[in-house]
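To start, the structure under review is shown below, and the notes come after it.
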Amino acid sequence: MSDTPLISLPPAAEADLVRRLQARDESAMTLFYERYSSALYGVIFRIVKAEDEAEDVLQEALVKIWHAFASYDSSKGRLFTWVLNICRNLSIDKIRSRQHRVGSRTQGLDDSLTAQRQAAPTTFRPEHIGLQEITQKLIPEQRQIIDLLYFEGFTQSEVAEELNLPLGTVKTRARTAIKVLSKLIR
Amino acid sequence: MENIQDYIESGILEQYALGELSPAEQASVEAQAARHPEIRTELQQVQEALGFYAEAHAITPPAGMRERVLGNVMAQIAKPASTLRADVDAVAQANSGAYVSAAQPVAAAPEAVVRPISSAPVAGPSRSTWAMAASVALILSLGANALLYTRWKDASSDLVALQNDQARFATTTTVVQKELGALRQENEVLRSDEFRAVALAGTKTAPTAHAKVLFNPATHKVYVDVKSLPALPAGKQYQLWALDKGKPVDAGVLTAATATGEGIQQMKDIASAQTFAMTVEPEGGSVSPTLSTMTVVGNI
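Quick note, the sequences are listed as chains A and B, same order. Residue 32 in our numbering is what sits at position 32 of the first sequence, and the numbering runs on without skipping anything. For our numbering, add 186 to where a residue sits in the second sequence, where the first one is 1.
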């Protein structure tokens, strides 16, 4: 499960990085940046959709990761999962604090989906062939739900409301989509 | 847990992984995961699947971001150390000034980090000596940290500079090697016995003009080596001609560098010739020579 090619660090290297961060070794942050910045920046950028804001959030996230490192518990999950959640949460906070998000949710969704589609050809530069593969393996309905949940910060009930679907359907689609992704790494 | 499968299928693990749950609900999921290996494995799979999805969207950050972000992060995470240092400095100064009554000056610096030691109830000379020793050790250690941090920063900018230098040297080397190759070739031509040197002397229009053609009848290679030619009017070029049984054959035009005598130039291959001559032609050369502009000529 851990010898997948895509997840950033092999377990031994990750454990070493965790030890150095726990020992408050500042130089470990450089290594951390080398290993994770593309993945983290990709997620942040997909959520905030602006380069300068994405940079601010990444910086904020790195500082937070450093200061909150004592609360990371490797028995609960991988370092990558933990830092991803920090970045996602900061990014979602960022878009929620924006003025135009105060308006109706429907407006926001339409805006963001349109923006996403238009932004794709120029600013979206996936590094891995994985994305292509995923696009083919996930049916559009599954991908839409995963994107809303993961990159737009919607809850499952919000997705259900937004797409006019029963909550049960949303839950099933989300679970199936995640199962498909799971199979891709195995 | 009544039914682990029901719990897994309820979708709560996905909600946990997506950060939708309240802290209490999160704690409950963590407790279930700690108790049941099936739940733990399932949760791990969900998290890795989402991590994989995230990573599939990786984007290389824009140029220059690494320095900005890392620089700011390093400055921010290094800050507590410098405030600490200032506090310790204050304490150290106070301690060295009033060695015996260490507790009072320390109380005057409420931010002091080492306060718990020196303001302890049994504060006496030996305690404050220890406090001072600890302070000194801390200062030394912080000083060393600051120094190492500076050196580390210097080292990484040095590295970038060195990498740039290396790239520049690599380019220079390529250029030099190319030039060296050209010079070797010229040298071979000049030293070869197979090449016949044909001296081209100035005509009436340019009596002091002088050039040399190197012709290899076996390989048909032709080189030209200019000693001195009159400067050209704008838009004109010297063109070399081979005369074979009185018929002029184009041997190519001379580059500006060749015409000023900077080096020898390989011309078009010539199968057979008895005479070589040079004329002034419009840039790019002519199909047949403008005989009135013949500048140099010479027989083999």
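Glycine residues also receive a C-beta, built at the ideal position from the N, C-alpha and C atoms.
Exposed or buried, which one is B:Gln349 when buried takes at least 16 other CB atoms within 10 Å?
-> exposed
CA-CA distance, B:Ala457 and B:Val435?
-> About 10 Å.
Is the region 39 to 54 of chain A close to the region 235 to 248 of chain B, with three or more CB pairs under 8 Å?
-> yes
Given 8 Å, three or more beta-carbon pairs between the region 444 to 460 of chain B and the region 395 to 407 of chain B = yes
By the 10 Å Cβ neighbour count, where 16 or more other Cβ atoms means buried, how is B:Pro475 classified, buried or exposed?
-> Per the 10 Å Cβ criterion, buried.
Residues of chain B with a CB under 9 Å from the CB of A:Asn89: which are they?
-> Gly205
Among B:Ser208, B:Phe401, B:Lys390, B:Ala417, which one has its Cα closest to the Cα of B:Leu376?
-> Ranking the options by Cα distance to B:Leu376, first place goes to B:Phe401.
Taking the alpha carbon of A:Lys179 as the point to measure from, which residue in A:Phe154, A:Leu138, A:Ala12, A:Asp93 has its own alpha carbon closest?
-> A:Leu138
Can you find a C-beta in chain A that's less than 8 Å from the C-beta of B:Gly237?
-> Chain A contact via Cβ: present.
What is the DSSP secondary structure of A:Arg98, reduced to helix, strand or coil?
-> coil
Looking at chain A, which residues of the region 221 to 236 of chain B have a Cβ within less than 9 Å of any of its Cβ atoms?
-> Thr227, Leu229, Gln230, Gln231, Val232, Gln233, Glu234, Ala235, Leu236
Answer with yes or no whether the minimum CB distance from B:Ile325 to chain A is below 8 Å.
-> no
Name the chain A residues that come within less than 8 Å of B:Ile263, Cβ to Cβ?
-> Glu26, Met29, Val63, Trp66, His67
C-alpha distance - B:Met480 paired with B:Gly421, whole-angstrom precision | When rounded, the separation of the alpha-carbon atoms in B:Met480 and B:Gly421 is 17 Å.
Leaving aside the five residues before and after A:Val48 along the sequence, list all residues of the same chain whose C-beta is less than 7 Å from its C-beta, in chain order.
-> The answer, listed in chain order, is Ala54, Val57, Ser91, Lys94, Ile95.
Is the Cβ of A:Gln144 closer than 8 Å to any Cβ of chain B?
-> no
Whole-angstrom distance between A:Asp73 and B:Leu204, CA atom to CA atom | One C-alpha to the other measures close to 18 Å.
Would you please state the rounded distance, in angstroms, between the beta carbons of B:Val232 and B:Glu200? I believe it to be under 8 Å.
-> The beta carbons of B:Val232 and B:Glu200 sit about 6 Å from each other, so the pair counts as a contact at 8 Å.
Interfacial residues, the region 161 to 177 of chain A to chain B, with Cβ spacing under 7 Å | Lys171, Ala174, Arg175
Is it buried or exposed for B:Pro247, if we count other Cβ within 10 angstroms and need 16 for buried?
-> Buried is the call here.
Mind checking A:Lys171: buried by the 16 CB within 10 Å criterion, or exposed?
-> By the neighbour-count rule (16 or more Cβ atoms within 10 Å), A:Lys171 is buried.
N-terminal and C-terminal residue of the beta strand (DSSP E) that B:Ser414 is part of | 407 to 414
Looking at the C-beta of A:Glu53, does it have a partner C-beta in chain B at a distance below 8 Å?
-> no
What residue does the beta strand (DSSP E) around A:Met193 start on, and which one ends it?
-> A query on residue 193 of chain A cannot be resolved here, the shown segment of chain A reaching from 1 to 186 and no further.
In chain order, which beta strand (DSSP E) runs of at least 3 residues are fully inside the region 352 to 423 of chain B?
-> 382 to 388, 396 to 402, 407 to 414
Counting contacts by CB-CB distance shorter than 8 Å, is A:Tyr72 in contact with chain B?
-> Chain B contact via Cβ: absent.
How about A:Gln142 and A:Leu149: are their beta carbons less than 8 Å apart?
-> Between A:Gln142 and A:Leu149, the C-beta spacing is not below 8 Å.
Where B:Pro223 sits in the DSSP three-state scheme | helix
From what residue to what residue does the alpha helix (DSSP H) around A:Gly168 run?
-> 167 to 185
With 8 Å set as the bound, which would you pick, yes or no: does the beta-carbon of A:Ala39 sit closer than that to a beta-carbon of chain B?
-> With a threshold of 8 Å between beta carbons, A:Ala39 makes contact with chain B.
Determine, using beta carbons only, whether B:Gln423 and B:Glu467 come nearer to each other than 8 Å.
-> yes
Counting only the same chain and skipping the five closest in sequence on each side, list residues whose C-beta sits under 8 Å from that of B:Ala392.
-> Leu415, Pro416, Thr481, Val482
With C-beta atoms as the reference, is B:Ser202 less than 8 Å away from B:Gln191?
-> First, the residue type needs correcting, since residue 202 of chain B is Tyr and not Ser in the sequence shown. Cβ distance not < 8 Å, so B:Tyr202 and B:Gln191 don't count as in contact.
Bridge partners of B:Leu436, per DSSP?
-> Contrary to the premise, residue 436 of chain B reads as Asp rather than Leu in this sequence. Answer by DSSP bridge pairing, in chain order: B:Trp427.
Going along the region 325 to 351 of chain B in order, which residues come within less than 8 Å of chain A, judged by CB to CB distance?
-> Tyr335, Trp338, Ser342
Where do the N-terminal and C-terminal ends of the beta strand (DSSP E) with B:Thr465 fall, by residue?
-> Counting along the chain, B:Thr465 sits inside the beta strand (DSSP E) bounded by residues 461 to 468.
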